[in-house]
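Participant: From first to last, the protein sequence lines stand for chains A and B. All residue numbers for the first sequence refer to my numbering, where the first residue is 4 and numbers rise by one. All residue numbers for the second sequence refer to my numbering, where the first residue is 659 and numbers rise by one. Cβ coordinates follow ideal geometry from the N, Cα and C atoms, glycine included. One structure, as structure tokens, below. Some questions next.
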Amino acid sequence: MTFVLTEEQNMLKEAAQDFMSEQLSLTHFRKQRNAGANGKDPESWGAMAEMGWYGVLVPEEFGGSEFGYVGMGQVLEAQGRTLASSPLLQTAMVGVSALVLGGTDAQKSTVLPKIAEGKITTALAVDEHAHHAPANVAMTAEAAGGGYTLTGKKVFVPNGHFADLFIIAARTSGSAGDTDGITLFMVPRDTDGLTIGELSTLDYHGAANLELNGVVVPAADVLGEVGGGFALLDAVLDRGRIGAAAELLGLSVAAFEMTHEYLQTRKQFGQLIGSFQSLQHRAAIMFSEIEQTRSCVAGALAALDEGRDDVAQMASLAKAKASHLAHLVTNETIQMHGGIGMTDEHDAGFFIKRARVVEAMFGGEGFHKERYASLLGF
Amino acid sequence: MADGMDPTLDQFRAETRAWLQENCPASMRTPQVEDETVWGGRKEKFKNPDSKLWLERMAAKGWTAPTWPKAYGGGGLTKEENLILQQELKRIKARPALNSFGLWMLGPVLLEYANEEQKQKFLPDIVNGKIRWCQGYSEPGAGSDLAGLQTKCEDKGDHWLVNGQKVWTSYADQADWIFCLVRTDTSKKHEGISFLLFDMESEGVEARPIKLISGSSPFCETFFNDVKVPKDHLVGRLNGGWEIAKRLLQYERSNISATGFGADRAGTPPLHERAKEYVGTDASGKLLDPDLRMRLADLAMDDKAFKLTVARMAEQSKAGEEVGHTASIVKYAAAKLNQKKTEMTVETLGYQGLGWEGEGFTDLELASNKAMLRAKANSIEGGTSEVNLNVIAKRVLGLKEHKG
Ligand SMILES: Cc1cc2nc3c(=O)[nH]c(=O)nc-3n(C[C@H](O)[C@H](O)[C@H](O)COP(=O)(O)OP(=O)(O)OC[C@H]3O[C@@H](n4cnc5c(N)ncnc54)[C@H](O)[C@@H]3O)c2cc1C
Chain A
4 MTFVLTEEQN
14 MLKEAAQDFM
24 SEQLSLTHFR
34 KQRNAGANGK
44 DPESWGAMAE
54 MGWYGVLVPE
64 EFGGSEFGYV
74 GMGQVLEAQG
84 RTLASSPLLQ
94 TAMVGVSALV
104 LGGTDAQKST
114 VLPKIAEGKI
124 TTALAVDEHA
134 HHAPANVAMT
144 AEAAGGGYTL
154 TGKKVFVPNG
164 HFADLFIIAA
174 RTSGSAGDTD
184 GITLFMVPRD
194 TDGLTIGELS
204 TLDYHGAANL
214 ELNGVVVPAA
224 DVLGEVGGGF
234 ALLDAVLDRG
244 RIGAAAELLG
254 LSVAAFEMTH
264 EYLQTRKQFG
274 QLIGSFQSLQ
284 HRAAIMFSEI
294 EQTRSCVAGA
304 LAALDEGRDD
314 VAQMASLAKA
324 KASHLAHLVT
334 NETIQMHGGI
344 GMTDEHDAGF
354 FIKRARVVEA
364 MFGGEGFHKE
374 RYASLLGF
Chain B
659 MADGMDPTLD
669 QFRAETRAWL
679 QENCPASMRT
689 PQVEDETVWG
699 GRKEKFKNPD
709 SKLWLERMAA
719 KGWTAPTWPK
729 AYGGGGLTKE
739 ENLILQQELK
749 RIKARPALNS
759 FGLWMLGPVL
769 LEYANEEQKQ
779 KFLPDIVNGK
789 IRWCQGYSEP
799 GAGSDLAGLQ
809 TKCEDKGDHW
819 LVNGQKVWTS
829 YADQADWIFC
839 LVRTDTSKKH
849 EGISFLLFDM
859 ESEGVEARPI
869 KLISGSSPFC
879 ETFFNDVKVP
889 KDHLVGRLNG
899 GWEIAKRLLQ
909 YERSNISATG
919 FGADRAGTPP
929 LHERAKEYVG
939 TDASGKLLDP
949 DLRMRLADLA
959 MDDKAFKLTV
969 ARMAEQSKAG
979 EEVGHTASIV
989 KYAAAKLNQK
999 KTEMTVETLG
1009 YQGLGWEGEG
1019 FTDLELASNK
1029 AMLRAKANSI
1039 EGGTSEVNLN
1049 VIAKRVLGLK
1059 EHKG
């Protein structure tokens, strides 16, 4: 079944919701923000490792539970609700997928167990300009001495400010814009020639710009096929897109619930503001959008588990819809709260800030509509 | 635009131009820098000393309030002369000499409702920027339903005694005086409100800044605890404050309309130009992202439509035509436009629009998301868009509320 969770999946979902609301609540997020943590929260991440969540997608032979994408989606949605900053999406979903889909047995057995145990985190570095454009890789990877030398830059790499291992898209042939000629490389954080510029971001999660200046990568650390890495990259990105969509869904639902609650408590003109029809309709519209987006996200997660051939379409569908939803709901959340929604003290601002970042991550609504059209062949 | 028909206006233009040439300091003709904005008042620091000079010179001519009577420090200009002054100021890209709630909101209602003594006492210090005013309207329980306000004002014989709380009071911590709506009769709603002026340094006044989601702290919670106010500081009739309050809101909204929430920062090129840098263009100069291109065109059209509407109203009202109905949509439209513009700026800048502070982003990039966040208030401050649309539907379109 695509849409009905199994008993185990439901248990995982409940465990994730409990954990997030107890240990990674919005109150916790606010504390982290006030302390200037810039998204780094190793203590909580250790607790997540104990829950086994980094291994949800890791095959059993490499120390994971191989529980599947639908399960992972439940955890990410729960995380989205409280805006928690963690390596779950970038490491446990994106990093693990890269290795599972593109890694050799040797690579899998060195990296995956460490991820599953929560010992290392990863970051995928693709974009070099202001907008997501995965084929637009200009970073060069020149064959040298049985390995490769990487030179170029990457921008706004999520989790790049703390990741232990980077998965970097560079060009072994062709030129920026070509899908042919892209290769993925694994580069540890402390490699010579890699400079990491930590960024303070709108959502307080942080990110990094990377500069690679003659970074030497042994051939053994090429992930997947030399020059034919785009298909792998796109498949990995699709997992990231679907995971991000799940997070946006959680974020939107939580912001909506907060607003729904406010409509039923705030009074003006001697009545609940939820009694005004203009607000009622807009609340109902949001609800309608949430329901449809949930179907898309659930469908996309199931497509991954079922190994279907429409994953790319489902990923673009889910990410476009979820980005649209989060945009709408976070705006309405502020508007329907009036003055209080504009204050830093209220959580409404946290939702819109995180939403804008995840909306852009792995391609926004516009990118995915364009891609959806191409995938449908028009 | 030529005023050639009227020789006295031609002369006024020539004199104004010459005076501005002589008196507007060079640095006051450069694009406004946020922290050099002059709001006046006791706490004004004049970060740029030229701004002090500029204010003093403009105030001496009464040109900070060009159309107010000379008797109260104003410029005494006719509408036509003021139009010329504004054109000449614009021509040399002069910064406003003074920004102030006193000029935009309070002054006009004092001219209309205050007694002679009050006008003499308060208007000149608005013109010369000596006193900065804040607006004490909203309360925790009275936002959209402003007339539900509870701040109590009692007659104690030789003074008023004020107790209560205001909220979202913009710049209360920077202001010298407050124009405040208070309840002088608890047995009625609208007819129990009075319009009171008092010094923020009075004993019992406390303003606590509240931080906005954009990171700045322009507004406050303001508390009044047994604040004594002289009897002659009540404007208009006792319990007749609601009419003044509403009138002032009209001025507030029309001022917003005229400036369109200040969406176009001087010196910043239009978004579609900036988009070329962030998105790239093809050989013919078209943006590489066709979807964004269409939406930026949509934005540019909205922007033009708004500006044309403001210009149309100005011309019609100058010709003595009634523009009230058109004016009713302007605050709503301005809010929507500014929100769309700032939101699309962040989107166009892509990752570069998503930095909060520090390295990796230019100042303009860092400012983009703060502007987007701040703009969310445009459809809340000065009355929400919902309330605005309710009024249009009922009063302008004559649509009746559905009962039962
Ligand atoms: C940046 C900023 C600056 C401000 N500066 C000042 C200031 O200097 N002085 C001052 O006095 N105030 C100021 N305000 C306050 C502002 O005027 C109020 O926030 C505004 O009137 C809304 O009131 P509220 O916040 O209580 O929201 P509420 O009235 O509680 O509204 C909550 C939501 O309910 C909706 N709603 C309410 N009634 C209706 C209805 N009848 N039909 C449909 N929808 C409805 C609203 O539109 C809104 O979406 C400022 C506000 C902001 C954000």
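1) Going along the chain, which unbroken runs of the beta strand (DSSP E) with 3 or more residues stay wholly within the region 840-917 of chain B?
2) As a quick exercise: from A/Leu-127, A/Lys-16, A/Ala-87, pick the residue whose alpha carbon is nearest that of A/Leu-168.
3) Closer than 8 Å, CB to CB, is B/Trp-791 near chain A or not?
4) Does the separation of the CB atoms of A/Glu-362 and A/Arg-285 fall below 8 Å?
5) When the Cα atoms are used, what is the spatial distance from A/Gly-83 to A/Phe-65?
6) Mark B/Ile-1038 as exposed unless 16 or more other C-beta atoms lie within 10 angstroms of its C-beta, in which case mark it buried.
7) When you measure from the CB of B/Glu-879 to every non-hydrogen atom of ligand 1, does any distance come out below 7 Å?
8) Pull up the CB-CB distance for A/Thr-125 and A/Gln-93, whole angstroms please, since I reckon it's below 8 Å.
9) Do we get a CB-CB distance below 8 Å when we pair A/Asp-312 with the residues of chain B?
10) Please classify A/Glu-368: is it buried, with 16 or more other beta-carbons within 10 angstroms of its beta-carbon, or exposed?
11) For B/Lys-824, verify whether its CB is less than 7 Å away from any heavy atom of ligand 1.
12) Say whether the region 707-727 of chain B touches the region 749-763 of chain B, bearing in mind that this needs 3 or more beta-carbon pairs closer than 8 Å, one atom from each stretch.
13) Tell me the residue span of the alpha helix (DSSP H) that contains A/Val-260.
14) Does the distance from the C-beta atom of B/Ile-871 to that of B/Cys-878 stay below 8 Å?
15) With a threshold of 8 Å, are at least 3 pairs of Cβ atoms found where one atom belongs to the region 69-81 of chain A and the other to the region 10-28 of chain A?
16) Run through DSSP, which three-state label would A/Val-103 get?
17) Which of the three DSSP states, helix, strand or coil, is assigned to A/Leu-134?
18) Which of the residues in the region 1008-1025 of chain B, read from start to end, lie with their CB under 7 Å from any CB of chain A?
19) Are the beta-carbon atoms of A/Asn-216 and A/Gly-196 separated by less than 8 Å?
20) Can you pull the chain B neighbours of A/Asp-347, defined as C-beta to C-beta under 7 Å?
21) Does DSSP put A/Glu-214 in a helix, in a strand, or in coil?
22) Measure how close the beta-carbons of B/Val-820 and B/Phe-780 come, nearest whole angstrom, since I'm counting them as under 8 Å.
23) Please classify A/Val-314 as buried or exposed, where buried requires at least 16 other C-beta atoms within 10 Å of its C-beta.
24) Report the CB separation of A/Glu-1 from A/Leu-328 in whole angstroms; it is logged as a contact under 8 Å.
25) Let's test the definition: count the other Cβ atoms within 10 Å of the Cβ of A/Ile-288 and tell me whether it reaches 16, buried, or not, exposed.
26) Out of A/Met-364, A/Lys-356, A/Tyr-57, A/Phe-365, state which residue places its alpha-carbon closest to the alpha-carbon of B/Ala-1029.
27) Looking at ligand 1, does it come within less than 7 Å of A/Asn-334, judged from the CB to the closest heavy atom?
28) Which residues does DSSP list as the beta-bridge partners of A/Lys-156?
29) Please list, in chain order, the chain B residues whose beta carbon lies closer than 8 Å to that of A/Ser-319.
30) With a threshold of 8 Å on Cβ separation, who are the neighbours of B/Asp-693 within its own chain once the five nearest residues in sequence on each side are excluded?
31) Per DSSP, what kind of secondary structure is A/Cys-299 in: helix, strand or coil?
32) Thinking A/Gly-155 and A/Glu-131 are a contact (beta carbons under 8 Å), I'd like their distance in whole angstroms, please.
33) What do you reckon, is the C-beta of B/Gly-1015 under 7 Å from a heavy atom of ligand 1?
34) Does B/Val-1004 come within less than 8 Å of chain A when only Cβ atoms are used?
35) Compute the minimum distance between the beta carbon of B/Cys-792 and the heavy atoms of ligand 1, and state whether it is under 7 Å.
36) Rounding to the nearest angstrom, what Cα-Cα distance links A/Thr-5 and A/Gln-20 in this structure?
Facilitator: Quick answer:
1) 851-857, 863-868, 877-888
2) A/Leu-127
3) no
4) Not a contact, by the Cβ cut-off of 8 Å.
5) 27 Å
6) buried
7) Ligand 1 never approaches B/Glu-879 closely enough for any of its heavy atoms to be under 7 Å from the residue's Cβ.
8) 7 Å
9) No, A/Asp-312 does not count as interfacial toward chain B.
10) buried
11) yes
12) yes
13) Checking the sequence, you will find Glu at residue 260 of chain A rather than Val. From DSSP, the alpha helix (DSSP H) with A/Glu-260 extends over 233-266.
14) no
15) Yes, the region 69-81 of chain A is in contact with the region 10-28 of chain A.
16) For A/Val-103, the secondary structure class from DSSP, reduced to helix, strand or coil, is helix.
17) It is His, not Leu, that sits at residue 134 of chain A in the sequence shown. When secondary structure is reduced to three states using DSSP, A/His-134 falls in the coil class, being assigned neither helix nor strand.
18) Gly-1008, Tyr-1009, Gln-1010, Leu-1012, Gly-1013, Trp-1014, Glu-1015, Gly-1016, Glu-1017, Gly-1018
19) Yes.
20) Lys-869, Leu-870, Ile-871
21) strand
22) Between B/Phe-780 and B/Val-820 the Cβ distance is about 18 Å, and since that is not below 8 Å, they are no contact.
23) buried
24) Nothing about residue 1 of chain A can be read from this structure; chain A reaches only from 4 to 381.
25) A residue is called buried once 16 or more other Cβ atoms fall within 10 Å of its Cβ, and A/Ile-288, having fewer, is exposed.
26) A/Lys-356
27) no
28) A/Glu-214
29) Going along chain B, no residue has its Cβ under 8 Å from A/Ser-319, so there is no contact; the nearest lies around 13 Å.
30) Lys-705
31) helix
32) 7 Å
33) Residue identity differs from the one stated: residue 1015 of chain B is Glu in this sequence, not Gly. No, the beta carbon of B/Glu-1015 sits no closer than 7 Å to any heavy atom of ligand 1.
34) Cβ-Cβ to chain A under 8 Å: yes for B/Val-1004.
35) yes
36) 21 Å
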